[in-house]
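Residue numbers (the UniProt record's numbering), protein chains in the order written: chain A, 1 to 273; chain B, 1 to 273; chain C, 1 to 273; chain D, 1 to 273; chain E, 1 to 273; chain F, 1 to 273. Here the structure is laid out as structure tokens; the discussion comes afterwards.
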Ligand SMILES: CC(C)(COP(=O)(O)OP(=O)(O)OC[C@H]1O[C@@H](n2cnc3c(N)ncnc32)[C@H](O)[C@@H]1OP(=O)(O)O)[C@@H](O)C(=O)NCCC(=O)NCCS
Ligand SMILES: CC(C)(COP(=O)(O)OP(=O)(O)OC[C@H]1O[C@@H](n2cnc3c(N)ncnc32)[C@H](O)[C@@H]1OP(=O)(O)O)[C@@H](O)C(=O)NCCC(=O)NCCS
Ligand SMILES: CC(C)(COP(=O)(O)OP(=O)(O)OC[C@H]1O[C@@H](n2cnc3c(N)ncnc32)[C@H](O)[C@@H]1OP(=O)(O)O)[C@@H](O)C(=O)NCCC(=O)NCCS
Ligand SMILES: CC(C)(COP(=O)(O)OP(=O)(O)OC[C@H]1O[C@@H](n2cnc3c(N)ncnc32)[C@H](O)[C@@H]1OP(=O)(O)O)[C@@H](O)C(=O)NCCC(=O)NCCS
Ligand SMILES: CC(C)(COP(=O)(O)OP(=O)(O)OC[C@H]1O[C@@H](n2cnc3c(N)ncnc32)[C@H](O)[C@@H]1OP(=O)(O)O)[C@@H](O)C(=O)NCCC(=O)NCCS
Ligand SMILES: CC(C)(COP(=O)(O)OP(=O)(O)OC[C@H]1O[C@@H](n2cnc3c(N)ncnc32)[C@H](O)[C@@H]1OP(=O)(O)O)[C@@H](O)C(=O)NCCC(=O)NCCS
Ligand SMILES: [Mg+2]
Ligand SMILES: [Mg+2]
Ligand SMILES: [Mg+2]
Ligand SMILES: [Mg+2]
Ligand SMILES: [Mg+2]
Ligand SMILES: [Mg+2]
């Protein structure tokens, strides 16, 4: 599963939802029921997605829904809606601060938590190792609010990024970089993507069609990465046939984490044909 | 709040619900949406309680609803129903295994978790210290199932009881003893109550009107306990006026835990006064 | 994988090893390199098993090797031997007190830890949730030694049993009851098996051929258990086809833990034809 | 309680103590018994403050005493003195590394721990969630010493600041920025205050009268913040009347943390009214 | 250091203190400043022990002082007194629930915590692994009070005993059994000692001269134990000379824990000549 | 023990090993069996060091061996070799992520773990407080690989450095800075050493003879440091004679951590004296 770009779409905007499904090429689409939907429209949005999402052709895209914070009553009606929508593959949970495995058990859907509070940072390991979690992202505006600080002061913060990437990789899940709000500035966005990639993020949450292409481009693996991946996959699958879960390839330990990294690279190649 | 008896009533049984509210005298009533309600009747039960509960006069009884396990989809529709029912004071959550503070935040209702799985026993401290938890009980049949053992082998188990009481008291919440299934055997029930009281439980979950009176009787404080309580309350409130949170009464540390124990005793006297 | 009986065989006793493989019917055979092999014969035993084990027909039995305590140098030569022996499926690690996942990574073999020290009891959760662990047992003689107490005082101890079973079941692995040393007393042994089964243990470690048959008998599922298992498996597999990881069967939550319990029951039926 | 400025005053300097109480306007005064008082004068300082502090008019200022490290014998005589001094509201505990709730229980005074050692950083969550803790600050000189590094290398360190602010906010207590030693450089001090505010600190520890005014100014809320606070308080108090602990205000979760932030803002307005 | 008997002596009773030092033969004497000393006599008791204890000849006995609970103000004056009394070797801390290493650092005296509350049971590992702890005991009356239960119900409780012994042994410190209150019943006391020994306790807290002799007798090692100890010490010291911290003696791991057990046995032999 | 420079030497390079022992002056020599030795030469290297290391005169240098990752089978044969080589004082364990005390118990050798994976960063406290650990270092290339990021992005990362130094100092062990790969650039290397020293590292891992001298120079204590050390040692040893483990020297707490820092300084003076 590639997650180079995850496009947020307001859950009450039918036009954009159709566009995301039918015209755009993000790896994931995240239908938002939280901040992008005003309180008065939450119920309308739930009805809309319940009917609309199963009708559209998602064409290999990972379909996700961002529900409201479990500490609000909205969350419960959201889950009661989402688990009935067949094509939804993943539930994005904001302000994650604790073990979310129960949502996975109840819905059978993968979980992508968002770290965006002080306690979420302190508890990130509990969050990412929840059963069913396959990716994690974070939010800087909400984080700054939660500590009473300013967005500008926390944007360059290395502590949060280092912990999000480390916790994700320690548990074999995908770290996804946060939203870049300035949709006019594509050059700034590209640089943000490149920095994120160098830190180990596998993709970026995006909010506008124009950001999709840039993210897909930056986070696609290079030829060198592809060759590395081929060797890893070959060696590891041979090892597994020999009953081994970890091998030494040219003096480097190669285990399931590397295998998953490599498989994602090759899946990309296959998909983009 | 006294919790000498907590009467379970099936959530789809209007007659029993009315009886529990209007004719019986348990300290708490727990409307059940979980095991006592077949899958096909869950939605009927939700509708029934949404309409019926606000109409009845609960007359000082603590009204609780037991929802389904958070690892089933039923839970979400349950919470979406319960948080709208004004007189509900407390949500009983079965198979509790993790921090449940989010339910308290979302609903504003107190939480009473049930320890009834292997992991619940291992994680009991996380469960009872969740924000909003005010009582805890446990279930032996479900526990035995969760470990693949038999009810008979686990009924006398001291480990579970010791941990339920200790975890509850360590965090200043009420330990409530489990259901006694043999409704014909009131003498056995009374002895079960007395053993529970000697271990520190403050009351018992019950399933039949005849058990209510016995539980209320056994778990009511004796005169000696009442005198002790009067001294504690007096001394502690004086201490608080002097800006102290813990005092030494006749060489014994007296703090907020003791104060709460004592206040419950006196509240009983006042109510039954 | 059934584990009703796990027969210990001294690693330096070729005759018994052959007998265990070819004549006896334990579900698992545990070749011992630890307490049953004197220090002077450790190296001889390693050589013997390296050559002998691959030649024998294990006929569906789970072949395990108990290595020495990781806190002795013997452990390293043991592992260096065992990971090269193809038919070995599982490594039994005595005096387990910490995360043993590294042994699984290095060898590709499943791990069965033994809880038999004071610290092992306190750290049991770390031990059983190690990657690659599929069963856990315990030892009472070593435990008593580790706390400076007597075997007799600890044999009936419910704390250890409750924690071994609970930790195992909380993480979906098999709890196996400990060795019964009095090989002459088969009636006592049978009662010990029955008590163990009622607590949720799935089988017993045994030390003599005569104990194998009794254990296999007691720990085999009854007809009622078989019917229960059929329903669980059917319902759960249907649920999984519908994309759900947990279902409500007659008002009871059924999830992967129950499915694994049920599958083991049916596997038994299939094997025993 | 505003804590924009917390003025340290040596505990053996009567003139400065009087000045701090009667002439200066810090939000808190911290009488120091630790580093500012030489060993030979500890006892003199204890006697002085025992007599002097109750005589002065503190006029709404939060009166705190910094005691010595609990790992020195001085600490015990300090506490034995301080708990008898009525107007003392808060005890500042240096080199905090573990749960300090026992000091709160013993004295009935709030606790402000200082994070200033390597272990304190690793254990910060245990420290800030101690019962009775209402604010937390940190020290960079002592931290650098504790790791064998230099002050200059650790002054810009983002890890320490991020964890102090996050731990404080995760548990709803006040993060206070550290001392700025260069008392001549008021412009540098102002910039330090502004950076601290942007990171979420609510105030600063200060050591000289001239720093008080600057800190009070920078950490006072702006008009925009005041309006935000009015809306939060109004909405949250209405929610509480409706029995809810968390609400959605314009699509944002508002809970007790925000309410406390907002209340502090309004308290400021009222006081300076 | 043998700790077969630890005799409590009220801290305000000069006659008994002298008797304990000069006439009786307990391995440890614990001067009590807590429950045995009324509030009004605490200060008198402190003065008495400050003067008296250094004058007496303790003759190889371990001199301990039980201070008041750290959650009362008495504790601080107690420590301020005790750290100045040279012959005091150990501080007994009641109602222990958290890391007590700071008391060791401040006083240089060994620590013996008492587990006697619900939270103390849950946190026992934090308590016993505190720096400076060398023994641990527990109290059943206070424990029963802390959970609101009765003494009679908790006296036979195996959970508490198992955890006290296990936690102590896991960290290489001495588990000491609790007080037996019925001073008239020496036969019952002897049986209590024997049960305690079989569980691994090394001695007993006692309250009357008549109990001292019985405890010393029961907890003295037998000849067989002495022989075992001689072999362990010899083998381990040889191992240490060879640079090894753990050895295999007749197929059993022998490490520092066993060495300390063995040394205590031999020290007894040496002392008792 | 000084650890200003720790020189890596490939375990299969006899010439370099001889040179390191006989001609060069690093404080430690680390014979590498991991990355510097190709898979095909592992066994050759083990044989070489088994024979060669005992023959050479290490002349006060700390002799270490870096074994392979415990999650590879190489590790077991490595340990089986190393524990038999007398002059080896320390085992360096790469990709450390869990409690490594068992290796110390088995071998009697000190442990120096390397933090170089995402999980290693999250678990650093478990790693450094393992029994037998006396120093810790880290690797940035492996860390970047483990998170899927680039070396360049992680080289300046402050989070990793802050945690390595803090965890080391919190447990009283030596933090050693990582390898600087550009062996031609001695000026850059010197600056790297100076930054490391200012952060509290006591030395540096090096890979070439030319780096040894620079590291020894930068990490040697200055005269001022020497004077400070003399006072600490004198005061602390006097305190210990008085039965105290922590003292107040000029108002600063001085305990075992400072004593060890100071002793290292003086040991240097003595050696180079
Ligand atoms: C920011 C935003 C409001 C701007 O919308 P806009 O003003 O319509 O933007 P543009 O005019 O540039 O849009 C160009 C086209 O892309 C479409 N589009 C814009 N954002 C889109 C999105 N996130 N998904 C799908 N389609 C989108 C528009 O509908 C428009 O299509 P049309 O011309 O066919 O109508 C919009 O991008 C948006 O809602 N983003 C997602 C916000 C969100 O979900 N936030 C929650 C997480 S932070
Ligand atoms: C066990 C049970 C089915 C027996 O019911 P029953 O056969 O009707 O019992 P009885 O005939 O003795 O009941 C006598 C009266 O008490 C009423 N009653 C019985 N249990 C009651 C209950 N839990 N709450 C309220 N009223 C109850 C009956 O309705 C009946 O009243 P009625 O004569 O006015 O009709 C019933 O007690 C019950 O449902 N208990 C609760 C079960 C539950 O909630 N379990 C979940 C947690 S384990
Ligand atoms: C206890 C023990 C020594 C008794 O052995 P014994 O005196 O030979 O017992 P018996 O004479 O009753 O044995 C009968 C037959 O069973 C065989 N046998 C006994 N225990 C066996 C075992 N554990 N596995 C395989 N075969 C076994 C014997 O070899 C003998 O076979 P034979 O007649 O063909 O020679 C033996 O059972 C044993 O070694 N058990 C395992 C001990 C162990 O591994 N302990 C470590 C974990 S606690
Ligand atoms: C640094 C310090 C010694 C400088 O003192 P100084 O040389 O007297 O400073 P100034 O001459 O500028 O002081 C001007 C006036 O402010 C007063 N003053 C200075 N610092 C003061 C303080 N922290 N609190 C109250 N009054 C103070 C002085 O007494 C003087 O008043 P006066 O003219 O009426 O005598 C002093 O500010 C101080 O002691 N600060 C607190 C140090 C401390 O507590 N450290 C521990 C935590 S890091
Ligand atoms: C229970 C207790 C009050 C009984 O005291 P008592 O009535 O004097 O007992 P006896 O008359 O049997 O005492 C016989 C002698 O032993 C002495 N004695 C009794 N308990 C003693 C003790 N704990 N330490 C030293 N001497 C003691 C008495 O002083 C008396 O000596 P004397 O004849 O020279 O005066 C007493 O044993 C006691 O105080 N025990 C300790 C209680 C304590 O410390 N509790 C706190 C922890 S639970
Ligand atoms: C990088 C490296 C291959 C360069 O080696 P090189 O090309 O031989 O370097 P130079 O020619 O500059 O060496 C000069 C002398 O120092 C010796 N030398 C170089 N690195 C040495 C080392 N790490 N230890 C001991 N001697 C070393 C060389 O053998 C040579 O000696 P000689 O002239 O007597 O033959 C070598 O330094 C090396 O192997 N370093 C250690 C790598 C390692 O262990 N990595 C694992 C941890 S990251
Ligand atoms: Mg957000
Ligand atoms: Mg149940
Ligand atoms: Mg054993
Ligand atoms: Mg300081
Ligand atoms: Mg007590
Ligand atoms: Mg490396």
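Backbone N, C-alpha and C fix where the C-beta goes; we use that ideal spot for every residue, glycine too.
Between residue i and the rest of its own chain, which residues show a CB-CB distance below 6 Å, the 5 nearest in sequence each way excluded?
i                      : result
residue 104 of chain E : 111, 131, 132
residue 124 of chain B : 115, 163, 167
With a CB to CB cut of under 7 Å and the five nearest residues on each side skipped, what residues in its chain are close to residue i?
i                      : result
residue 269 of chain A : 226
Tell me which residues share the same chain as residue i and place their Cβ nearer than 8 Å to its Cβ, disregarding the 5 neighbours each side in the sequence.
i                      : result
residue 173 of chain C : 128, 133, 134, 135, 136
Quick test of your reading: residue i and residue j, contact by CB under 8 Å. State the CB separation rounded to the nearest angstrom.
i                     : j                     : result
residue 85 of chain B : residue 49 of chain B : 7 Å
residue 73 of chain B : residue 83 of chain A : 5 Å
residue 88 of chain C : residue 30 of chain C : No, residue 88 of chain C and residue 30 of chain C are not in contact; Cβ-Cβ is about 10 Å, not under 8 Å.
Residue j and residue i - do their beta-carbons sit closer together than 8 Å?
i                      : j                      : result
residue 189 of chain E : residue 165 of chain E : no
residue 229 of chain E : residue 254 of chain E : no
residue 203 of chain C : residue 3 of chain C   : yes
residue 22 of chain C  : residue 206 of chain C : no
residue 216 of chain A : residue 5 of chain A   : yes
residue 126 of chain D : residue 98 of chain D  : yes
residue 16 of chain F  : residue 10 of chain F  : yes
How about residue i: is its Cβ closer than 7 Å to a heavy atom in ligand 3?
i                     : result
residue 46 of chain C : no
residue 10 of chain C : yes
Say the cut is 7 Å; is the CB of residue i nearer than that to a heavy atom of ligand 4?
i                      : result
residue 102 of chain E : no
Let me check you understand the geometry: is the CB of residue i closer than 7 Å to at least one non-hydrogen atom of ligand 7?
i                      : result
residue 172 of chain C : no
residue 120 of chain A : no
At a threshold of 7 Å, does residue i count as lining ligand 12 (C-beta to nearest heavy atom)?
i                      : result
residue 142 of chain F : yes
Checklist entry - Looking at chain E, which residues of the UniProt domain "HpcH/HpaI aldolase/citrate lyase" (4-97) of chain D have a Cβ within less than 7 Å of any of its Cβ atoms? => result 70, 71, 72, 73, 75, 76, 77, 79, 80, 83
Checklist entry - Going along the chain, which residues of the segment 186-201 of chain E sit with their C-beta nearer than 9 Å to a C-beta in chain C? => result 195, 197, 198, 199, 200, 201
Item to check | chain A contacts made by the segment 110-142 of chain F, where a contact means CB separation under 9 Å | outcome: 117, 118, 119, 120, 121, 122, 123, 142
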